[in-house]
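Student: Below is the structure I would like to discuss, written out as structure tokens.
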Amino acid sequence: MTYHKPQLHRWFSYAFGVLTFLFWLTPGSAKAEQFVFTTAWVAQAEFAGYYIAKEKGFYKQAGLDVVIQHPTLTSSTFHRLQTAETNAIMISMVSAIDFISQGFPLVNIFQDSMNSSNILVSRWDNNPMKMKGEKVAIFNSDPSYLAMIMSHREKMDYQWVRFTSNINLFLSGAVDAMMTVSYNEFILLQQAGFKMAEESLYRFSEHGYNIQENGVYVMRDYYLSHRDECQRFASATRKGWEWVAAHPDEALEIVMKYVRRFNTPTNAVMQKLMLKEVLRLQIDRDSKRREFRVRRDMVEKASQMMLECGMIKRRVTYNELTGQ
Amino acid sequence: MNRFFTALRRSLSARLSFAVVLFVAAIFVGAFGIMFSEARDLVSEKAWGKATKTLEGTVLHIDNTLRHIEVSSDNMLAVIERNLEKPDSMFSISRQVLINNPELSGCSISFDPFYYKEKGRYFSAYSYNNGDTILTEQEGTDNYQYHCMDWYLIPKLLDRPYWIEPFLENATEGIIVKDIFSSYSRPIHDTKGNSVGTFSVDIRLEWFTRMIAKAKPYPHSFCVMLGKGGTFLVHPDSTKLFYETIFTRTLEEPDSVKTAIGTSMLAGESGHKIVNYEGELCHIFYKPFKNTGWSVAIVIPESDILAPYYRLRGYTLWISATGLLLLLLFSLVTIRKSLKPLQKLAETTGRISEGDFSVTVADGPRVDEIGQLQRSFTIMQQSLNSYTNELRSETTTLKERHKELLEAYEHAKEDERMKTAVLHKMPDKMAAPVAKILTTAQQVCDQMNTLDISEATNTLRDNAEQITTLLDEMIRAAQEERRQAYEK
């Protein structure tokens, strides 16, 4: 017995060493890198793919410790990026073009939306194209560039009223129209029992303004130094969205968990409808598939329109936006 | 069931009892139907009155309080507008508003960007009453851009006072307020009449909830308050509170009644509707607030409203059912007792029908129809018995006579046969004496001289006597026959 004991002890030591080495080699088991991502808005189904990627361990498998943050109603996500409070933010493509043109080099690392969700809704059941000079409410957090472009090009000369959120400003009658997104305010209006005739709606995607919306952006220098992390984040996020599309009911339960955790004033019906619409907007009109990519034609079109309207001083290219 | 009906068919008393009970039940149904209908209407009317009164009381109380806030706010606005040149005084005014109005939780005196150039883009004097102390700060920052908030924008754009829908602040710096509250906001004007900012006072939603929760006219009734967008501002189900509107569920499952109620409430109408709420019929009485544009509704389960009616109906039905049952038993016993003589008569009749005419019919002291029937039956039975006895006696006599007749007939037949035989034999018997007489007479004629006359005379006499004897017998037989025929 005294002879075997040292040998057994040594064997266990070797085994422990090998196991430790293997554990260290496994990507999912390694100490994951922290990656802070700030969504475009408060917790809601619009970000289901990110929640799922986190909850189902897709980020962890990609070696990332993703921290999902939500902005407050009045704070700017871009401000968080500037102050390095976050590694990545979600903003619309036109906002990104605006920032880039202003000298803030942003790079798109993941594209959620393939279509425009913007709808201009009249408060008084009028045709928005016949509301010249009227007051139109637009979001303060991510100004409705498309509405401004349309107003400029169609010579509508709308008076812009920047507001924070919700539909109370619109329902109060303080404005004559409001910019909505089909997956949020538009459903909120339906939920408030507000009747909307099709003539009182201006769907931008149906009038030559079908421009991709939200995507995930990082600062260019971060992108250049963390290209691999960004790719892993994009890949895991895509996996998350694909899982959501395959399991919408289960995804909704996870969304509601986040909604409750962050105390978002919403409900399951609203989130279900939102998720359905967000998933619809992810399907590219041409390929009929979820592509999660920036379309060159849309970048060029948005950049051209913004340039024409004097919103930007120089054209922003597809390569610039995608970090190529 | 068949056995029951068979038993019912066989028993007159059961049939009569059931007929009586059914008749009485039919009268009950008619009478109670009318009574229940009237009672239901009365109870509903009473509930209507009670609910409406409670609702009006609640709305009036809240309206009065809100009116008080509006008046206080109007008074303070004058102070603010008089002190526009002294921006720092806004902090003390803001505090003073909360000191004077303990029901208020917050007060903002906010100005347009760069209205006070020295104050920069944001200048909003905000005070908050946390229950213990009043905190004051300048609340506008890049992270709290109040210029874009509903409470700032709406009254400014409308250029009139406005009750803001309840909201939850998400401020992450400065005074952190976790309450859901509504604001009464009105524009601030400078001496030239230009809108330069917004004066806003906050009242906690919890205050409305507390006030409205007091309106509970029935044990299971509850109140619901809707905001202008149909949001549930007060609701017993906290999961719906603030996060859901009256139309939310209808987006998935269209519900015309709920939609109609929501539309009517949001249109500022008062009314009453009956809906199926979570499987139970409920009455909804609703009424708008004058000040805020919100609407409050009392939801009363019909079971609560009609509880007195259901109690009355329950008692009545129990008493009626018990009464009918007792009536059935009483009828059964009474009728059965009354019909007992008939039953005995039926048994007696049965025995009589079997031929027992001598059976005794029970006699009773009753003088009613059954007593009369009993007596008449007794008399009839006695008469029948007597008649039957006579018949029986006569029958016996007839039988005996018949027997005698048969015997007589047999005798007559025998006599006839004998007479026939006699008559048949008589000529033969008489032939010999007659022949003898003729022979003797011939001999006398022929042998007159020689013949012994005496001897011939004797011979003639003997034969004549024989013939006479035979003739007598025939006469006797004829007489006997005639007598018998006469007797028959």
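The listed protein sequences correspond, in order, to chains W and V.
Under the numbering used here, read the first sequence as residues 1 to 324, first letter to last.
Under the numbering used here, read the second sequence as residues 325 to 812, first letter to last.
Built from N, CA and C at the ideal position, the CB exists for glycine as well.
Tell me, which residues are paired with residue 160 of chain W by DSSP?
Tutor: As a first step, residue 160 of chain W is located in the first sequence; it is residue number 160 there, counting from the start. W:136.
Student: Taking the C-alpha atoms as reference points, what is the distance between residue 663 of chain V and residue 694 of chain V?
Tutor: Position 339 of the second sequence, counting from 1, holds the residue named residue 663 of chain V. Position 370 of the second sequence, counting from 1, holds the residue named residue 694 of chain V. Roughly 8 angstroms separates the two Cα atoms.
Student: Please list the partners that residue 573 of chain V has in chain W, where partner means a Cβ-to-Cβ separation under 8 angstroms.
Tutor: As a first step, residue 573 of chain V must be located in the second sequence, where it is residue number 249. What residue 573 of chain V touches in chain W: 269.
Student: Please report the distance separating the alpha-carbon of residue 768 of chain V from that of residue 753 of chain V.
Tutor: For the purposes of this step, residue 768 of chain V is taken as residue 444 along the second sequence, with counting starting at 1. For the purposes of this step, residue 753 of chain V is taken as residue 429 along the second sequence, with counting starting at 1. Spanning the two alpha carbons is a distance of roughly 23 angstroms.
Student: Going by the DSSP bridge assignment, what does residue 624 of chain V pair with across the sheet?
Tutor: The residue you call residue 624 of chain V lines up with position 300 of the second sequence. Paired residues: V:607.
Student: Please report the distance separating the alpha-carbon of residue 45 of chain W from that of residue 629 of chain V.
Tutor: On the first sequence, position 45 is the one that residue 45 of chain W refers to. On the second sequence, position 305 is the one that residue 629 of chain V refers to. C-alpha separation (whole angstroms): 42 angstroms.
Student: Could you tell me the alpha carbon to alpha carbon distance between residue 588 of chain V and residue 183 of chain W, rounded to whole angstroms?
Tutor: Numbered from 1 along the second sequence, position 264 holds the residue referred to as residue 588 of chain V. Numbered from 1 along the first sequence, position 183 holds the residue referred to as residue 183 of chain W. Rounded to whole angstroms, residue 588 of chain V to residue 183 of chain W spans 27 angstroms at the Cα level.
Student: What beta strand (DSSP E) runs, 3 residues minimum, are completely inside the stretch 33-79 of chain W?
Tutor: 33-38 and 64-69
Student: With a 10 Å radius around its C-beta and 16 neighbouring C-beta atoms as the bar for buried, classify residue 86 of chain W as buried or exposed.
Tutor: On the first sequence, position 86 is the one that residue 86 of chain W refers to. Buried, because 16 or more other Cβ atoms sit within 10 Å of the Cβ of residue 86 of chain W.
Student: Pull the bridge partners of residue 120 of chain W from the DSSP assignment, please.
Tutor: Within the first sequence, numbered from 1, the residue matching residue 120 of chain W stands at position 120. Per DSSP, W:179 and W:202.
Student: Around the C-beta of residue 238 of chain W, are 16 or more other C-beta atoms found within 10 angstroms, so that it is buried, or is it exposed?
Tutor: By one-based count along the first sequence, residue 238 of chain W stands at place 238. With a 10 Å radius around the Cβ and a threshold of 16 neighbouring Cβ atoms, residue 238 of chain W comes out buried.
Student: Which of the three DSSP states is assigned to residue 312 of chain W in this structure?
Tutor: Stepping through the first sequence from its first residue, residue 312 of chain W is reached at position 312. DSSP places residue 312 of chain W in coil when its eight states are reduced to three.
Student: Taking residue 477 of chain V and residue 174 of chain W to be in contact with their CB atoms under 8 angstroms, please state how far apart those CB atoms are, rounded to whole angstroms.
Tutor: Counting from one through the second sequence, the residue named residue 477 of chain V turns up at place 153. Counting from one through the first sequence, the residue named residue 174 of chain W turns up at place 174. Taking 8 angstroms as the upper bound for CB-CB distance, residue 477 of chain V and residue 174 of chain W are in contact here, some 6 angstroms apart.
Student: Just checking, does the stretch 467-481 of chain V make contact with the stretch 495-514 of chain V on the three C-beta pairs under 8 angstroms criterion?
Tutor: Touching, yes, given that three or more Cβ pairs across the two stretches are closer than 8 angstroms.
Student: Taking the alpha helix (DSSP H) that residue 394 of chain V falls in, what are its first and last residues?
Tutor: The sequence position of residue 394 of chain V within the second sequence is 70, counting from 1. Per DSSP, residue 394 of chain V belongs to the alpha helix (DSSP H) from 336-406.
Student: Short of 8 angstroms Cβ to Cβ, which residues in the stretch 147-179 of chain W face chain V?
Tutor: 161, 162, 163, 164, 166, 167, 168, 169, 171, 172, 173, 174 and 175
Student: Taking CB distances under 8 angstroms as the criterion, tell me whether residue 844 of chain V reaches chain W.
Tutor: Here chain V comprises residues numbered 325 to 812, so residue 844 of chain V is not present and cannot be evaluated.
Student: Buried or exposed for residue 29 of chain W, going by 16 or more other Cβ atoms inside 10 Å?
Tutor: For the purposes of this step, residue 29 of chain W is taken as the residue at position 29 of the first sequence. Residue confidence for residue 29 of chain W is low, a pLDDT of 46 falling below 50, so the modelled location carries little weight and cannot support an answer.
Student: Flag residue 333 of chain W as yes if its beta-carbon sits less than 8 angstroms from any beta-carbon of chain V, otherwise no.
Tutor: Lying outside 1 to 324, the shown extent of chain W, residue 333 of chain W is not represented and no answer is given.
Student: Along the beta strand (DSSP E) that carries residue 548 of chain V, what are the first and last residues, could you check?
Tutor: Looking up residue 548 of chain V in the second sequence gives position 224. Residues 546-550.
Student: If you measure beta-carbon to beta-carbon, which residues of the stretch 130-147 of chain W are closer than 8 angstroms to chain V?
Tutor: 135 and 140
Student: If you measure from the beta carbon of residue 273 of chain W to each beta carbon in chain V, is any gap under 8 angstroms?
Tutor: To locate residue 273 of chain W, count along the first sequence from 1; it is residue 273. Cβ-Cβ to chain V under 8 angstroms: yes for residue 273 of chain W.
Student: Starting from residue 88 of chain W, follow its DSSP beta bridges and name the residues at the other end.
Tutor: To locate residue 88 of chain W, count along the first sequence from 1; it is residue 88. Residue 88 of chain W is bridged to W:37.
Student: Which ranges would you report for the alpha helix (DSSP H) in the stretch 646-674 of chain V if only whole runs of at least 4 residues count?
Tutor: none
Student: Counting only C-beta atoms, is residue 552 of chain V closer than 8 angstroms to chain W at any point?
Tutor: Taking the first residue of the second sequence as 1, we reach residue 552 of chain V at position 228. It does; some Cβ of chain W falls within 8 angstroms.
Student: Keeping to the same chain, check which residues put their C-beta closer than 6 angstroms to that of residue 149 of chain W; ignore five residues upstream and five downstream.
Tutor: Here residue 149 of chain W refers to the residue found at position 149 when the first sequence is read from its first residue. The residues are 305 and 309.
Student: Using a beta-carbon distance cut-off of less than 9 angstroms, what residues from the stretch 504-519 of chain V approach chain W?
Tutor: 504
Student: If you draw a straight line from the C-alpha of residue 762 of chain V to the C-alpha of residue 724 of chain V, how long is it?
Tutor: As a working note, residue 762 of chain V is residue 438 in the second sequence. As a working note, residue 724 of chain V is residue 400 in the second sequence. Those two C-alpha atoms are separated by around 53 angstroms.
Student: Considering only C-alpha positions, which residue in the set V:491, V:756 and V:334 is nearest to residue 566 of chain V?
Tutor: Position 242 of the second sequence, counted from the start, is the residue given in the question as residue 566 of chain V. That would be V:491, whose Cα lies nearest to the Cα of residue 566 of chain V.
Student: How far does the beta strand (DSSP E) with residue 230 of chain W in it reach, from first residue to last?
Tutor: Within the first sequence, the letter at position 230 stands for residue 230 of chain W. Careful: residue 230 of chain W lies outside any beta strand (DSSP E), inside the alpha helix (DSSP H) at 227-246.
Student: So residue 173 of chain W is in the beta strand (DSSP E); what residue range does that whole segment cover?
Tutor: Reading the first sequence from its first residue, position 173 is the one you call residue 173 of chain W. Neither: residue 173 of chain W is in no beta strand (DSSP E) and is coded neither H nor E.
Student: Using 8 angstroms for Cβ pairs, my map puts residue 416 of chain V next to residue 521 of chain V. What's the rounded Cβ distance?
Tutor: Stepping through the second sequence from its first residue, residue 416 of chain V is reached at position 92. Stepping through the second sequence from its first residue, residue 521 of chain V is reached at position 197. That belief does not hold up - the Cβ atoms of residue 416 of chain V and residue 521 of chain V are roughly 17 angstroms apart, past 8 angstroms.
Student: Give me the chain V residues within the contact set of residue 207 of chain W, using Cβ-Cβ distance strictly less than 7 angstroms, ordered along the chain.
Tutor: Reading the first sequence from its first residue, position 207 is the one you call residue 207 of chain W. Correct list: empty, because the minimum Cβ distance to chain V is about 26 angstroms.
Student: Give me whichever residues DSSP pairs with residue 510 of chain V in a beta bridge.
Tutor: Locating residue 510 of chain V in the second sequence gives position 186, where the first residue counts as 1. Answer is V:523.
Student: Counting only Cβ-Cβ distances shorter than 9 angstroms, please list the residues of the stretch 472-488 of chain V near chain W, keeping chain order.
Tutor: 472, 473, 474, 477, 478, 479, 480, 481, 482, 486 and 488
Student: With a cut-off of 8 angstroms, does the C-beta of residue 44 of chain W fall near any C-beta of chain V?
Tutor: Mapped onto the first sequence, residue 44 of chain W falls at position 44. No, residue 44 of chain W lies away from the interface with chain V (no Cβ there is under 8 angstroms from its Cβ).
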